[in-house]
Amino acid sequence: MIKLNKVSKVFAMDAGNYTALKENDLHIKRGEFIAIMGPSGSGKSTLLQLIGGLDLPTSGEVTVDGVQLNGLNERERTLFRRTKVGFVFQNYQLLPMMTVAENVGLSLSANKAPSSEIAKRVNQLLQDVNLEGKASQFPSQLSGGQQQRVAIARALAMKPHLILADEPTGNLDQTNGEGILKLLSRLNKEEGITVVMVTHDRKAAQTADRIIMIQDGEVVPGGGSRS
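If you read the sequence shown in the UniProt record's numbering, its first letter stands for residue 1, the second for the next number, and so on.
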């Protein structure tokens, strides 16, 4: 599903170049639930952005679902993200002026799906994440756990093959955090969606099939276990 070959990412800074990732090789199988862990600044979120096509590597190749992202232009990468990848972020990134239904259906609207199809898909997704009856509410009227479930429903709208979650439980209390992890696990097991989750929380990481450790921009050899 995901293959990184000698992938590096270097950022040009005022004080000089900063190397966020150093020639990493990584393989993730289709249908795996992967947790990525490591200290702050180790390169976890940068890795997630490269896998999702939000950025391009300085060197090396990133291939996701058979598509080599290096070979795509910005428009093609945007289409790739819309149709194949669902993103879930720590701060939810819902649009406050839109209702729950409008947030969930955003990518469907952007792809000019018929309104009847959007309504049907949104209703199903809200049922799937146990948010029936919340369609007409706004994000500010929801709890943090409910907002994160809206974000997951939105990520699922285009039936992606891959979900990338960056600290999805970071702003939630324990009960809501556990609910989100159960939802991601269910989507992985029942829908076969590959899930790659960045987390600082060792307990959250235990939900995954495999833990990948990153330190100083490098994948740690032998770090691929749940222990």
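Think of the CB as a built atom: it goes at the ideal place given N, C-alpha and C, for glycine as much as any other residue.
Next item on the list: Under 8 Å by Cβ, that's how I've got Arg210 and Glu32 pegged, so tell me the actual separation to the nearest angstrom.
Entry: Within the sequence shown, the letter at position 210 stands for residue 210. Within the sequence shown, the letter at position 32 stands for residue 32. Going by Cβ atoms, the distance from Arg210 to Glu32 rounds to 6 Å, so yes, they are a contact pair.
Notebook entry, point to check: Asn91: which of Glu191, Asp216, Pro139, Gly16 sits nearest, CA to CA?
Noted result: Here residue 91 refers to the residue found at position 91 when the sequence shown is read from its first residue. Looking at the Cα atoms, Pro139 is the closest of the given residues.
Check: What first and last residue would you give for the alpha helix (DSSP H) that runs through Leu128?
Finding: Translated into positions along the sequence shown, residue 128 becomes position 128. Just to set this straight, residue 128 is Asp in the shown sequence, not Leu. For Asp128, the uninterrupted alpha helix (DSSP H) run begins and ends at 115-128, by DSSP.
Check: How should Thr175 be labelled, buried or exposed, when 16 other C-beta atoms within 10 angstroms of its C-beta is the threshold for buried?
Finding: Residue 175 sits at position 175 when you count from the first residue of the sequence shown. It is exposed - the Cβ of Thr175 has fewer than 16 other Cβ atoms within 10 Å.
Check: Any idea if Lys182 is buried or exposed, counting beta-carbon neighbours within 10 angstroms, 16 or more meaning buried?
Finding: Walking along the sequence shown from the start, residue 182 turns up at place 182. Residue environment for Lys182: exposed (fewer than 16 other C-beta atoms within 10 angstroms of its C-beta).
Check: How many angstroms separate the CA atom of Thr194 from the CA atom of Asn188?
Finding: Locating residue 194 in the sequence shown gives position 194, counting from the first residue. Locating residue 188 in the sequence shown gives position 188, counting from the first residue. Near 6 Å, if we compare the C-alpha coordinates of Asn188 and Thr194.
Check: How would you label Glu167, buried or exposed, when you count the other beta carbons within 10 angstroms and need 16 or more for buried?
Finding: Sequence index remark: in the sequence shown, residue 167 carries index 167 (1-based). So Glu167 ends up on the buried side.
Note to self: Given a cut-off of 8 Å on the beta-carbon distance, is the pair Lys44 and Leu162 in contact?
What the structure shows: Here residue 44 refers to the residue found at position 44 of the sequence shown. Here residue 162 refers to the residue found at position 162 of the sequence shown. In terms of Cβ geometry, Lys44 and Leu162 do not form a close pair [threshold 8 Å].
Check: Is Gln206 helix, strand or coil by DSSP?
Finding: Position 206 of the sequence shown, counted from the start, is the residue given in the question as residue 206. Coil at Gln206, not helix or strand.
Notebook entry, point to check: When the Cα atoms are used, what is the spatial distance from Pro96 to Leu172?
Noted result: As a first step, residue 96 is located in the sequence shown; it is residue number 96 there, counting from the start. As a first step, residue 172 is located in the sequence shown; it is residue number 172 there, counting from the start. Using only the alpha carbons, I get a separation of about 19 Å.
Check: Hey, is the stretch 22-29 in contact with the stretch 130-150, meaning 3+ C-beta pairs nearer than 8 Å?
Finding: The answer is no - the stretch 130-150 does not touch the stretch 22-29, with fewer than three Cβ pairs under 8 Å.
Note to self: Going by the DSSP bridge assignment, what does Ala165 pair with across the sheet?
What the structure shows: Here residue 165 refers to the residue found at position 165 of the sequence shown. Per DSSP, Val88, Met197.
Notebook entry, point to check: Can you tell me where the beta strand (DSSP E) with Asn17 in it begins and where it stops?
Noted result: Mapped onto the sequence shown, residue 17 falls at position 17. Start and end: 16-28.
Check: Considering Asn5, what are the terminal residues of the beta strand (DSSP E) in which it resides?
Finding: Working through the sequence shown from its first residue, we reach residue 5 at position 5. Unbroken beta strand (DSSP E) run through Asn5: 2-13.
Margin query: Assuming Phe87 and Ala155 are in contact, meaning their beta carbons sit under 8 Å apart, how far apart are those beta carbons, in whole angstroms?
Written below: As a first step, residue 87 is located in the sequence shown; it is residue number 87 there, counting from the start. As a first step, residue 155 is located in the sequence shown; it is residue number 155 there, counting from the start. About 6 Å separates the beta carbon of Phe87 from that of Ala155, a gap short enough to meet the 8 Å contact definition.
Notebook entry, point to check: Helix or strand or just coil, what does DSSP make of Gly177?
Noted result: Along the sequence shown, one-based indexing puts residue 177 at 177. Here Gly177 sits in helix by DSSP.
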